[in-house]
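Q: Sequential numbering of the sequence shown, starting at 1, is according to UniProt numbering.
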Amino acid sequence: KMDFLCEIVQALVALAALGLIVVFIIAHVTAGMVNLTRHEKEKYFLTATGEKEKFPSLHDPYSRELSVVIPAYNEELRMPVMLDEAMGYLENRQKQNPSFTYEVIVVDDGSKDKTTEVAMQYTRKYGADKVRVLTLVKNRGKGGAVRMGTLSSRGKLILMADADGATKFCDIEKVEAGLNEVNSKPDNLAISCGSRAHLEKDSVAQRSMFRTFLMYGFHFLVWFFCVRGIKDTQCGFKLFTREAALKTFSSLHVERWAFDVELLYIAQCFEIPIAEVAVNWTEIEGSKLVPFWSWLQMGRDLVFIRLRYITGAWKLQSPQKTD
1 KMDFLCEIVQ
11 ALVALAALGL
21 IVVFIIAHVT
31 AGMVNLTRHE
41 KEKYFLTATG
51 EKEKFPSLHD
61 PYSRELSVVI
71 PAYNEELRMP
81 VMLDEAMGYL
91 ENRQKQNPSF
101 TYEVIVVDDG
111 SKDKTTEVAM
121 QYTRKYGADK
131 VRVLTLVKNR
141 GKGGAVRMGT
151 LSSRGKLILM
161 ADADGATKFC
171 DIEKVEAGLN
181 EVNSKPDNLA
191 ISCGSRAHLE
201 KDSVAQRSMF
211 RTFLMYGFHF
221 LVWFFCVRGI
231 KDTQCGFKLF
241 TREAALKTFS
251 SLHVERWAFD
261 VELLYIAQCF
271 EIPIAEVAVN
281 WTEIEGSKLV
291 PFWSWLQMGR
301 DLVFIRLRYI
311 TGAWKLQSPQ
321 KTD
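(1) Is the beta carbon of residue 163 closer than 8 Å to that of residue 75?
(2) Spatial neighbours of residue 251 within its chain, please: CB distance less than 6 Å, with the 5 preceding and 5 following residues excluded, ordered by chain position.
(3) Please name the residue or residues paired with residue 103 in a DSSP beta bridge.
(4) When the Cα of residue 112 is compared with those of 171, 235, 187, 136, which residue comes out closest?
(5) Taking only the alpha-carbon atoms, compute the straight-line gap between residue 143 and residue 305 and give it to the nearest angstrom.
(6) What residue does the alpha helix (DSSP H) around residue 313 start on, and which one ends it?
(7) Please identify the residue among 28, 186, 10 whose C-alpha is closest to the C-alpha of residue 312.
(8) First and last residue of the alpha helix (DSSP H) that includes residue 126?
(9) Any contact between the region 117-128 and the region 93-101? By contact I mean 3 or more CB pairs, one from each, below 8 Å.
(10) Assign residue 205 to buried or exposed, taking buried as 16 or more other Cβ atoms, counted over all protein chains shown, within 10 Å of its Cβ.
(11) Spell out a yes or no on whether the region 213-233 and the region 174-184 are touching, meaning 3 or more CB-CB pairs, one atom from each, closer than 8 Å.
(12) Going by other Cβ atoms of all chains shown within 10 Å of its Cβ, with 16 needed for buried, is residue 247 buried or exposed?
(13) Any idea what DSSP makes of residue 193, helix, strand or coil?
(14) Return helix, strand or coil for residue 161, following the three-state DSSP convention.
(15) Do residue 161 and residue 109 count as a contact pair if the criterion is CB distance below 8 Å?
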């Protein structure tokens with residue numbers, strides 16, 4: 001009987017080892033490379049009078065204090081509330097401190113609605129020096145949209161902010177303070193992440209058992225495979241120094257929901273200091289996240305992120321120019 005049990009255990013171990021090898025092979029073979037190629041139309045933005053001008057590059061020296069990159073997919077209804085709040089804050093800050101310069105880049109991620117037209121109203125109101133719209137020809141995913149906007153920005157600091165306005169825009173002052181605390185090295189590499197971890201107890205009380213299980217499962221996978229020391233990797237309110245943005249976004253492969261995790265994984269590989277700062281956050285209706293399938297996709301991406309770096313399918317890139 002003991003021999004039979006031993007054989008079963010050995011067979012299970014062999015099966016698990018074989019399964020692991022198969023997963024490694026699949027992860028390696030299906031690894032996509034960093035695609036920084038732009039469609040010709042994505043190289044330009046329209047001015048308030050409708051003229052075409054070429055976007056600058058993240059490789060150029062900064063010419064603004066702050067760039068705000070807003071990824072938007074079918075956001076014609078939710079985005080105006082967020083943009084009104086953001087522009088109100090930024091304009092007021094500029095009035096109080098005229099040396100403060102900024103730009104907002106709305107990245108329309110291949111929307112099927114009037115996201116671009118709505119964003120262009122702000123270009124006409126504030127001018128293309130302050131509000132620019134980058135319309136992607138095809139949907140890339142949130143990570144792809146944030147990367148394309150970041151690579152087109154002029155800011156010394158670059159803020160990624162969601163179009164739904166779930167985070168109060170004035171909380172940028174909190175993430176700025178967090179950035180300044182960790183940005184002590186002369187190479188000017190630092191990232192500050194807005195965090196909702198302090199709100200987790202309340203959100204668990206409002207969520208279903210199943211969604212709570214998915215959330216904790218996702219947290220475990222993030223910790224086990226990719227990023228340690230950051231409680232909330234998914235808050236869409238992150239501030240980068242220009243140098244940190246160039247170093248991390250040049251290596252980014254994941255373009256969908258798990259891109260934040262790969263960004264922070266890359267940052268930790270490069271030993272870029274990361275601050276995590278509590279921000280105000282409100283659940284806004286109309287999320288594009290489909291609970292079960294999005295979590296499943298993210299879980300797969302998390303496992304594959306780590307395996308693809310282990311197998312060498314993906315490598316940490318030195319910053320490269322876009323086409």
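Beta carbons are placed, not taken as given, at the ideal position from N, Cα and C, and that holds for glycine. Quantities reported herein were computed from a predicted structural model and do not represent experimental measurements.
A: Result, derived from the coordinates:
(1) yes
(2) Take residue 251, set aside five residues on each side of it, and the residues of its chain with a beta-carbon closer than 6 Å to its own are 266, 316, 317, in chain order.
(3) 67
(4) 136
(5) Spanning the two alpha carbons is a distance of roughly 14 Å.
(6) Run containing residue 313: none; DSSP gives neither H nor E here.
(7) 28
(8) 115-126
(9) Counting Cβ pairs under 8 Å, fewer than three are found: no touch.
(10) For residue 205, the predicted model reports a pLDDT of 44, less than 50, meaning its position is unreliable and no value from the coordinates is stated.
(11) no
(12) buried
(13) strand
(14) Strand at residue 161.
(15) With respect to residue 161, residue 109 sits apart: the two C-beta atoms are not nearer than 8 Å.
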